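Residues 595 to 685 in the working numbering are what the sequence shown lists, from first letter to last.
Just so it is clear, CB atoms sit at the ideal spot from N, CA and C, and this is done for glycine as well.
Here the structure is a predicted model, which means the values were calculated and not measured.
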Amino acid sequence: FGVKTNALHWATAGTLNAGLEAGLGKRTSLELTGDYNPWTLDRDENRKLKFSSVMPEFRYWLCERFNGHFFGLHSGYGEYNISGVRIPFLK
């Protein structure tokens, strides 16, 4: 059983995130990660950067579970609401 988070997301964008991973068999595990960013940046200008996502992943480990390399199959779902934020490379 494992618990993790992405500290860079917390530090740079204040994005709440967590991941859980549980062993299923000798060489398999299932991971579920999620992100949530509920912030309104500026109410007067209606600037928002809100999103949420969930990503489950099935992992097949080449050695023992939670050790070494693995092959993974994952899927994802997300929602977003972004407004009033200038993105330099999208003009």
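Under 7 Å between C-beta atoms of L624 and L618: In the sequence shown, the residue the question calls residue 624 occupies position 30. In the sequence shown, the residue the question calls residue 618 occupies position 24. Yes, they are a contact pair.
In this structure, does DSSP put L602 in helix, strand or coil? Your numbering for residue 602 matches position 8 in the sequence shown. Here L602 sits in helix by DSSP.
Can H663 and E651 be called in contact, C-beta distance under 7 Å? Within the sequence shown, residue 663 is the residue found at index 69, counting from 1. Within the sequence shown, residue 651 is the residue found at index 57, counting from 1. For H663 and E651, no; Cβs fall outside 7 Å.
Assuming E615 and F645 make a contact with CB atoms under 8 Å, what is their CB distance in whole Å? In the sequence shown, the residue the question calls residue 615 occupies position 21. In the sequence shown, the residue the question calls residue 645 occupies position 51. About 23 Å separates the two Cβ atoms, so there is no contact after all.
What is the rounded straight-line gap between the Cα of N600 and the Cα of D638? If you number the sequence shown from 1, residue 600 lands on position 6. If you number the sequence shown from 1, residue 638 lands on position 44. Going by the C-alpha atoms only, they are around 31 Å apart.
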